[in-house]
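To start, the structure under review is shown below, and the notes come after it.
Residue numbers (full-length UniProt numbering): 1 to 1130.
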């Protein structure tokens, strides 16, 4: 039975038949230059030393007519994506040359006719495939279509792209199981196909797809082009079937064009012209100019004759659709157990600490009201500050496509977040207000609740504005914490006597206005309280007098103005958003709106058998989601969970000794972004190569791998990441492979080692692997779309489909096998393409009956190999503990130098230090409330700051640690000690500088002994808080969960620290004995005051030890506090 491959790809639906407006794309002498930073350890930042110009595109010329499909080919880093981005109107910066669309420059109208599929898939992870495409259809298809017609349109695309099987599965993300990588790519293409574009750009549309799916995708694109559209794509390793579908080909090398013309003529051209660059310049450019002049003139006027509205849907429709999509995507955040649990936990903690307080304890009640303003300043700020940075890739992508107005996105995003933004503070207020014994009047409660909700909206607006302005999560967080800390310090509670030259800050402080309004809800003029043996006016109490009981209306107006201003700033800042990207893959979970999550048990592997001998290279092929990566992970001893069947290595199960002889290259490149290529490989060599080699020999070994993999040109470039320019994707893949090649493994596993590489580099990689196998090593890999040259290098092939094995045996026998059971191609073709076309599940029974016995026989035939014996027992580690420690310490310092000496981090501490110095300028014991406030601020700031710095440590490095530990690279203890010691310098330097600045500016006790006592206390507290952060990060290993848990714990310690509340109920008083804040505050107070010291309290002289904020903790027990902190540190 012959199989007609071409007949398998379905033609596009009728919805794609009519072209809106044919577009002729013309580009002439396109040049693009960027400035590149040189990287090095402690390089002086002089302009001439740190920056150099690099020309990415060097005079590229070409034309694409309606009905043509242009493929841009070239090795990694040649400029394909840069040129595609420029042609798509999405490249920022200076671009020379001309790019026209029907003779005119790119415009917002042109954007409506253009589709752009990015290399990485930028999708909402919690939406299903159907929801993703339907929401896109509702936003991008014209309002002439009904909602039902748009849904039908989306379903047609789902069927056309073969997504029907997974249409109800969520997209997924890095830590969320969803559809496979190939399915995610098809969803991205489907989003652009929905609008039936006249001009379609695609960056690597077949990357990560099997050849059958790739054939289907390109066939659809070819049909679109045949209907009068212009299609431009970059592509790696197209099969011969695909190559001849391209009407035109542009070949690039290091920014130069080597060929532009018909794909069918390219071989003749290079056969005739031996000198590539000269031939192109002398002959082809002239022909190209002549052809450009022959373009039909009537096409140039098309856009003028077709001038539609800029937007497909009305503003209200966009808001409604975006609101629905946002609610569906963020429902997991709205009803997050962690988020709700955090608020409820803090609410009950406050209620217990302030249980039924009254005006006799006015210090306690004012402390609770100020805590309201502080907690509900920071909480919504940091919830909102991540909003736009997290969505900037999607916003950039969809805005670049002209999908919706910025105003409709902004309004829908703001409105969609309101329910939970207001529900949580309402719940918090209901719990704490009545349990804490605040004023038992319903109107007072409503006034307090209104104030709290207004404050939350203002803080949320500030967070949105900062996130939109900075568009970097870390920078925005630091800036937000500095601003909100400034507002908190000027809030009227920590310091009441602010110097005149800095007092202006209270007028812009959210905390000040919120605290004033909350005070106004509880107290009124003339109200009294018991102060010792006297009756005093509430309005004269220091923490109330500083803000006063007047000016309530002014505070409401001020907060309302801030509410408007911050949101306007956020909107204006969003107008500058550009185009960005992201990526990942995996498996399955069904979801529904307000429905229980439905977990489906899915068998990924279904009885796969085989054997791979030394000297053999096994390639595992199959369509996306067939189980290749799962099987490879299982064979590599890295698959968790329950695994049936047996996997043996020389007849024995996987062991730590085997791990030393095994290399594993993952599909995603897990590398340190700030290290250069040579640094990455040298550090790996120092850690993984044995002690029998000298350091110099290890370095030479790393350099030889660099040469072998063609990385010489970029060896001093940094690896880079999503937001940090570095080496290209192909170069990054080669670095990952190089890390494993360094150890010369006996058994090497590779997951998609050629993915994203051009065919020449892929050939070089596989040739290297073939040479390794020829030397007696066992090589196992998964691979997509291998060329015929590569296919015949594989000794064995395993073909999978939906977890079932379809073929296992010699690669040279595969075509003969399928012919024997009635399947053969109708035309001569690449064997791998044919195999993947057949991998649809229909051959499972044939495999079970015909080939399974062959695999067993093959296994039995090879029993004579005597080297299938006990492993040579060797030491578990290649290097000593101390060597591992030193290398990891050096690597950590190099990788994290940008963090340790980060401008933002240092600036944050210095700004807060100077601000504290100014606010508490030359205070003295006459203002004991102010001084105790400063000491407690020391406690709070240097409790939270190192906690959150440390809490990110292990979760951020989890993938890297797992990868390197799985390879047996180093001991866990050497990593842990090096990581801890490496962070110490800046962890201690910053609080030291902070203390030096604030201590003397604020007028604390002017004695060197007292200063050193305070400094040592602060440093000890920092180390304890850092230890707590490391412990939480290591225990939870999830940034969001660890941060939530850390904030609850540290807030509990802070509230029990003895400053906010002095009269703690007995049933909750145990908390102070485990509070870092309590012990630190006690030691700091002890560094400044002593028994018998007095201060002026009104017209009397009072003992310092009787002051409420000091009496609650006392001046005794200093040694015990020090011992307690030392025990917590250990």
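Think of the CB as a built atom: it goes at the ideal place given N, C-alpha and C, for glycine as much as any other residue. If you're wondering where the values come from, they're calculated on a predicted model, not measured in any experiment.
- Around the C-beta of residue 1060, 16 or more other C-beta atoms lie within 10 Å, and the residue is accordingly described as buried.
- Between residue 84 and residue 246 a beta carbon distance of about 14 Å is seen, past the 8 Å cut, so the two are scored as non-contacting.
- Rounded to the nearest whole angstrom, the C-alpha separation of residue 105 and residue 144 is 28 Å.
- Measuring C-alpha to C-alpha distances from residue 378 to each of 392, 462, 389, 427 identifies 462 as the nearest.
- Counting every other CB atom within 10 Å of its CB across the protein chains shown gives residue 751 a total of 16 or more, marking it as buried.
- Nearest Cα to residue 177 within the set 219, 200, 137, 125: 125.
- Here the alpha carbons of residue 987 and residue 683 stand approximately 25 Å from one another.
- Between the segment 1018-1029 and the segment 944-951 there are three or more C-beta pairs closer than 8 Å, enough to call the two in contact.
- Listed as beta-bridge partners of residue 664 by DSSP are 749.
- Residue 802 carries a coil assignment under DSSP once its states are collapsed to helix, strand and coil.
- The secondary-structure analysis by DSSP pairs residue 1094 across a beta bridge with 1103.
- If you look at residue 173, you'll find it isn't in any beta strand (DSSP E); DSSP assigns it neither H nor E.
- Counting the other Cβ atoms within 10 Å of the Cβ of residue 989 gives fewer than 16, which makes it exposed.
- In the structure shown, residue 956 falls within a helical segment according to DSSP collapsed to helix, strand and coil.
- Classified as buried, residue 74 has 16 or more neighbouring CB atoms from the shown chains inside 10 Å of its CB.
- For residue 445, the closest C-alpha among the options 119, 429, 30, 692 is that of 429.
- Counting only the Cα atoms, residue 813 lies some 10 Å from residue 807.
- In the three-state reduction of the DSSP assignment, residue 106 falls in the coil class, being assigned neither a helical nor a strand state.
- Secondary structure note for residue 259: its beta strand (DSSP E) is the uninterrupted segment 256-262.
- Under DSSP, the beta-bridge partners assigned to residue 809 are 797.
- In the structure shown, the three-state DSSP call for residue 226 is helix.
- Beta-bridge partners of residue 27 (DSSP): 62, 99.
- Per the coordinates, the alpha-carbon of residue 489 lies some 16 Å from the alpha-carbon of residue 928.
- Counting along the chain, residue 421 sits inside the alpha helix (DSSP H) bounded by residues 406-435.
- C-alpha of residue 740 to C-alpha of residue 336: approximately 40 Å in a straight line.
- Of the other Cβ atoms in all chains shown, fewer than 16 fall within 10 Å of the Cβ of residue 922; this residue is therefore exposed.
- Looking at the DSSP output, residue 232 bridges to 70, 201.
- Taking every protein chain shown into account, the CB of residue 733 has 16 or more other CB atoms within 10 angstroms, so this residue is buried.
- When 557, 324, 770, 1053 are compared, the shortest CA-CA separation from residue 507 is found for 557.
- Between residue 543 and residue 368, the alpha-carbon positions lie close to 12 Å from each other.
- Residue 525 sits exposed, since fewer than 16 C-beta atoms from the chains shown fall within 10 Å of its C-beta.
- Annotated three-state conformation of residue 247 is coil, per DSSP.
- Just measuring C-alpha positions, the residue of 994, 565, 939 sitting nearest residue 917 is 994.
- Membership of residue 501 in any alpha helix (DSSP H) is not indicated, and neither H nor E is assigned to it by DSSP.
- When 541, 531, 423, 236 are compared, the shortest CA-CA separation from residue 523 is found for 541.
- The alpha carbon of residue 568 has as its nearest neighbour, out of 663, 651, 410, 527, the alpha carbon of 410.
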